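*Asks:*
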Amino acid sequence: LTGVRALAWTTTPWTLPTNLALAVGPEIDYVVLPGGPLGAADVHADRAEGEGHRYLLAAELLTGYAKDLGYESADAARDAVELTIRGADLADVHYDRLFDYYADAETWHTERAWRVLVDDYVTTSDGTGIVHQAPAYGEDDQRITEAAGIPLIMSLDDGGRFLPQVTDVAGELWMDANRPLIRLLKSEGRLLREASYEHSYPHCWRCRNPLIYKAVSSWFVRVTAIKDRLLELNEQITWAPENVKHGQFGKWLEGARDWSISRNRFWGSPIPVWKSDDPQYPRVDVYGSLDDLERDFGRLPVNEAGDVDLHRPFIDDLTRPNPDDPTGRSTMRRIEDVFDVWFDSGSMPYAQVHYPFENREWFDSHAPADFIVEYIGQTRGWFYVMHVLSGALFDRPAFSGVACHGIVLGSDGQKMSKSLRNYPDVSEVFDRDGSDAMRWFLMGSSVLRGGNLVVTEEGIRAGVREFLLPLWNAWYFFATYANAATAGQADADPAGYEARWRTDSTNVLDRYILALTGDLVRDVAADLEALDSTMAAAKLRDFGEALTNWYIRRSRDRFWVGVAAGDDASTEAFDTLYTVLETLTRVAAPLLPLVSERVWQGLTGGRSVHLQDWPDADRFAAAGDIRSAMDAVREVSSVANALRKKEGKRVRLPLARLTVAVTDAASLAQFEEILRDELNVKVVDLIPLTDGLADQYG
9 LTGVRALAWT TTPWTLPTNL ALAVGPEIDY VVLPGGPLGA ADVHADRAEG EGHRYLLAAE
69 LLTGYAKDLG YESADAARDA VELTIRGADL ADVHYDRLFD YYADAETWHT ERAWRVLVDD
129 YVTTSDGTGI VHQAPAYGED DQRITEAAGI PLIMSLDDGG RFLPQVTDVA GELWMDANRP
189 LIRLLKSEGR LLREASYEHS YPHCWRCRNP LIYKAVSSWF VRVTAIKDRL LELNEQITWA
249 PENVKHGQFG KWLEGARDWS ISRNRFWGSP IPVWKSDDPQ YPRVDVYGSL DDLERDFGRL
309 PVNEAGDVDL HRPFIDDLTR PNPDDPTGRS TMRRIEDVFD VWFDSGSMPY AQVHYPFENR
369 EWFDSHAPAD FIVEYIGQTR GWFYVMHVLS GALFDRPAFS GVACHGIVLG SDGQKMSKSL
429 RNYPDVSEVF DRDGSDAMRW FLMGSSVLRG GNLVVTEEGI RAGVREFLLP LWNAWYFFAT
489 YANAATAGQA DADPAGYEAR WRTDSTNVLD RYILALTGDL VRDVAADLEA LDSTMAAAKL
549 RDFGEALTNW YIRRSRDRFW VGVAAGDDAS TEAFDTLYTV LETLTRVAAP LLPLVSERVW
609 QGLTGGRSVH LQDWPDADRF AAAGDIRSAM DAVREVSSVA NALRKKEGKR VRLPLARLTV
669 AVTDAASLAQ FEEILRDELN VKVVDLIPLT DGLADQYG
């Protein structure tokens, strides 16, 4: 490769004075070819020695540089390729440096600089497949050059101006140096192409000025030293959604790097570290309490009002002679850095109670927190920093359970905006549908599983139809026909029936709904313990469907007889419905606090539902045989009604016969009457499901 010119590219020409390496991709194919007959763009007419140059770049990107290399077409350039070489085989190839500003290896420790490095971050999505590396001005640049033993050299001062070593642009602001450096490269025949194009670039969110990546001295938490333990502690946390534990959060932990906790800003919590201002007498003091500060400095920092103030600039006034300096001339001064605000945020669990100076016993007995909730993006923010600090300080998680929610978007799928008014008016929703409607909409949606949610009026009203109305209608049905407390209402039962909580009914429909109730208590408890309100809402929604559209509707004959007639079947039905509603109200209360409270008060007249114990699922018989058989009956009814609809035959039209092929036909025999009545057919034939039935019945 002697004499070959590597075509590297950059969007930041001002970083080229500190070019100390080139990076290639290990699996990328690179080609070597001579300059074409039309003359390469870097060859000057007055420089005959430029002729005969050979060039190195990624094979996949050759087409885009054919004309720059002196070829009429991409095919001509490809035909001229002399050598193809894998990126991995270019490792440690040395090249001639662009500039001599840092050529003195003894001064700048550049013995291992100006060579080719190999890393997976290099791609062929743009550029030439060869990336210029300036360790002080890029995260990847610093990472791979540090691993290669190449030093980090700073060419800019704190104001963004070039230092004297870069003689050609010394004193120039970084952005003003681009043009002079490009002209310099061009004059030396080292510029193949210069182009302006639109691409993303960081800007200050306040003043909108362009920013640069620049390495600065920082203080770190050595997360890599405790990473394995943090992964172990993550296993003790319940995550919702569950896949975040080993997915978004777990993967982030696996790749955790040391955490820079200092910021060179004025505002923030000052880092309590004092250093000697004379390197000849080094000393570092770290303070952990106000008592320690007052002991060493004789006072605490105060502001103009005379109040203790630990912020800058007042805390920076605390200085003292360096105890390790026998000359007495050096001074201990606080470093100027303040904490990363995420360090403050991650300290919240113990900082909020002034631990360890106060409330030590309270904190020890209340940590870790049972439950926290935040946006799923906090897997790299609040969740992460709390986990790191708690693991480092206490060797335990900061929280036992965490729910990760997504983003609530406007009706148009965009971020909610007051100016655009792209979301329903909350006050109107509350007035029309009630606040529980909005709560149900959110709690039952994918937003509490880390997904995004588009807020629409139709979505909110759908929740009302799916469960709020079924619950209210079931209660109203009961209150109207049975509860003694409704004696003054129209259509109330004059017998003054007093409902009883019971689960001993022998009626098959009662046993079915009671079994479903027991399952509901268990399932919703498990879902809420797992922080999965979405699944809990789905279970309640399904139960509401079974209660109103099956149990109450199929039991209407027993309800309409009325307890005044002394009918035991009717009493069992009302008692069962009371029991189910009383239990359902307690289960639904966490998701529908207001509606549940209203129903509870109407049912029991007792204390708030939110002061009740969670129902005991074991008080409800499982009735597995009835449960599975009745589920099958409901499925048969649904399919048969769908067939009626498909054939255009209304339910009011009696049919002569219904043939049902099921695996266990005998188990459904006791429900033939229900099927006949439900489907309005005179005869129901239940036959075993065997091979060939599809052909027989079409």
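Residue numbers (our numbering): 9 to 706.
The beta-carbon is built from N, C-alpha and C at its ideal position, and this holds for glycine as well.
These numbers come from a predicted model, not from an experiment.
1. How is residue 547 classed by DSSP in three states: helix, strand or coil?
2. Among residues of its own chain, excluding the 5 on either side of residue 245, which ones have a beta-carbon nearer than 6 Å to its beta-carbon?
3. For residue 716 and residue 256, what's the separation of their Cα atoms in angstroms?
4. Would you say residue 166 and residue 33 are within 8 Å of each other, going by their C-beta atoms?
5. Taking the alpha helix (DSSP H) that residue 434 falls in, what are its first and last residues?
6. Identify the residues that DSSP records as bridge partners of residue 376: which are they?
7. Among 475, 441, 363, 304, which has the Cα closest to the Cα of residue 398?
8. Tell me the DSSP secondary structure of residue 336 in three-state form.
9. Measure the C-alpha to C-alpha separation of residue 501 and residue 450 and round it to an integer number of angstroms.
10. Tell me, please, whether the region 351-358 touches the region 293-304 by the rule of three or more beta-carbon pairs shorter than 8 Å.
11. Can you round the beta-carbon distance between residue 11 and residue 45 to whole angstroms, since I take them to be within the 8 Å contact cut?
12. With a cut-off of 8 Å, do at least 3 Cβ pairs link the region 534-547 to the region 635-650?
13. What does the alpha-carbon distance come out to for the pair residue 616 and residue 593?
14. Does the beta-carbon of residue 667 have 16 or more other beta-carbons within 10 angstroms, so that it is buried, or is it exposed?
15. Just the Cα atoms here: how many angstroms apart are residue 259 and residue 140?
16. Leaving out the 5 sequence neighbours to the left and right, which residues in its chain are closer than 7 Å to residue 133 when beta-carbon positions are compared?
17. Counting pairs of beta carbons, one from the region 306-325 and one from the region 361-376, are three or more of them closer than 8 Å?
18. What does a CB cutoff of less than 6 Å around residue 56 pick up in its chain, not counting 5 residues either side in sequence?
19. In the region 378-435, which residue ranges form an unbroken beta strand (DSSP E) of at least 3 residues, counting only runs that do not cross its ends?
20. Can you confirm whether the region 409-416 touches the region 457-474 when touching is taken to mean that 3 or more C-beta pairs between the two stretches lie within less than 8 Å?
21. In the DSSP output, what is residue 102 paired with across the bridge?
22. Identify the continuous alpha helix (DSSP H) that holds residue 83 and give its terminal residues.
23. Tell me which same chain residues have a C-beta within less than 7 Å of the C-beta of residue 234, skipping the five on either side of it?
24. Say whether the region 97-113 touches the region 70-77, bearing in mind that this needs 3 or more beta-carbon pairs closer than 8 Å, one atom from each stretch.
25. Below 6 Å CB to CB, which residues in the same chain sit around residue 686 once its five sequence neighbours on both sides are set aside?
26. Need the endpoints of the beta strand (DSSP E) that residue 91 sits in, please.
27. Per DSSP, what kind of secondary structure is residue 498 in: helix, strand or coil?
28. Going by C-alpha distance, which of 619, 582, 71 is nearest residue 487?
29. Compute the Euclidean distance between the alpha carbons of residue 326 and residue 17, then round it to the nearest angstrom.
30. Please say whether residue 544 and residue 630 have beta carbons closer to each other than 8 Å?
31. Consult DSSP for residue 213 and reduce its assignment to one of helix, strand or coil.
32. Let's see if you can read the secondary structure: which residues bound the beta strand (DSSP E) around residue 42?
33. How is residue 463 classed by DSSP in three states: helix, strand or coil?
34. Considering residue 363, what are the terminal residues of the alpha helix (DSSP H) in which it resides?
35. Would you check if the region 547-559 and the region 468-476 touch, i.e. whether three or more CB-CB distances between them fall below 8 Å?
36. If you drop the 5 nearest sequence neighbours on each side, which residues of the same chain put their C-beta closer than 8 Å to that of residue 322?
*Replies:* According to the data block:
1. helix
2. 405
3. Any property of residue 716 remains undetermined from this structure, which presents the chain solely from 9 to 706.
4. no
5. 434-441
6. Residue 376 pairs with nothing; no bridge assigned.
7. Check the Cα spacing between residue 398 and each of 475, 441, 363, 304: the tightest is with 363.
8. The three-state secondary structure of residue 336, taken from DSSP, is coil.
9. In this prediction, residue 501 has a pLDDT of 47, which is less than 50 and means its spatial position is unreliable; what the coordinates show is noted afterwards. The alpha-carbon of residue 501 is positioned some 39 Å away from that of residue 450.
10. no
11. At roughly 19 Å, the Cβ-Cβ gap does not stay under 8 Å, so residue 11 and residue 45 are not in contact.
12. no
13. The straight-line gap from Cα to Cα measures roughly 11 Å.
14. exposed
15. 29 Å
16. none
17. no
18. At residue 56 the pLDDT is 42, less than 50, meaning the model places this residue with poor confidence; the figure from the coordinates comes in the next sentence. Here the set comprises nothing.
19. 380-383, 409-413
20. yes
21. Secondary-structure assignment with DSSP links residue 102 through a beta bridge to 123.
22. 82-87
23. 399, 400, listed in sequence order.
24. no
25. Cβ within range, chain order: 645.
26. 91-94
27. A caution first: residue 498 carries a pLDDT of 47, below 50, which makes its placement in the model unreliable, though a value can still be read off. Reduced to three states, the DSSP call for residue 498 is coil.
28. 582
29. 49 Å
30. no
31. Coil.
32. 37-42
33. coil
34. From DSSP, residue 363 is part of no alpha helix (DSSP H); its letter is neither H nor E.
35. yes
36. 309, 310, 311
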